[in-house]
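Q: Quick note: the sequence shown uses the working numbering, first residue 10, plus one each step.
By construction, the Cβ of each residue, glycine as well, lies at the ideal position given by its N, Cα and C atoms.
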Amino acid sequence: SPPPPPRPSGQTQQLWALAQQDRGKIAEIFGAENVEAVLRELEGEMAKMRALEKTAGRIDRCRAQGEGEKRGEDELAWRAWVEGHYLPRLKREKEGGGGERGRRRSV
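1. Contact defined as beta carbons within less than 8 Å: I believe E42 pairs with Y95. What is the distance between those atoms, to the nearest angstrom?
2. For G93, which three-state DSSP category applies?
3. Determine the direct distance from the alpha carbon of E84 to that of L99, and round the result to whole angstroms.
4. Let me make sure I understand the geometry here. Which of K103, G105, E104, M58 has the alpha-carbon closest to that of I87?
5. Rounded to whole angstroms, what is the Cα-Cα separation between D31 and E50?
6. Check G105 in the structure and name its three-state DSSP category.
7. What whole-angstrom Cβ distance do V44 and A56 have, given they're in contact under 8 Å?
8. I'd like the span of the alpha helix (DSSP H) that includes E37, first residue to last.
Structure, rendered in structure tokens:
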């Protein structure tokens with residue numbers, strides 16, 4: 010099996026913890042064998058989002074408002090993004106015959 014994805018550091022840590030808690034949901038939709046790949050891609054996407062936030066100075070403003078508020082924001086943003094964007098896209102790719110196996114099986 011592939012090695013686990015690298016542990017994110019700094020700002021992505023809280024989001025990573027949420028991803029770990031939602032492993033069951035990810036496994037339900039994509040199958041247990043795909044969980045690590047999903048989490049690896051998710052971690053990469055979160056790192057991109059973090060870089061964009063940093064550019065906008067959002068992280069510093071959130072820090073000034075207090076960590077508790079920031080955690081709540083992160084959780085809502087993460088769940089909205091996963092449920093609204095990431096999971097539907099992966100589900101489409103899995104069902105949509107992006108791979109050779111799916112096409113061969115239907116012949």
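A: The relevant details are as follows:
1. Taking C-beta atoms under 8 Å as the contact rule, E42 and Y95 fail to qualify, at a distance of about 18 Å.
2. Three-state DSSP puts G93 in a helix.
3. Whole-angstrom Cα-Cα distance: 20 Å.
4. In the sequence as presented, Ile is not what sits at residue 87; that position holds Trp. Residue M58 is the option with its Cα nearest to W87.
5. The alpha-carbon atoms of D31 and E50 are separated by roughly 14 Å.
6. G105 carries a coil assignment under DSSP once its states are collapsed to helix, strand and coil.
7. Contact between V44 and A56 is absent: CB atoms are separated by about 19 Å, not below the 8 Å threshold.
8. 32-39 is the span of the alpha helix (DSSP H), which, as asked, contains E37.
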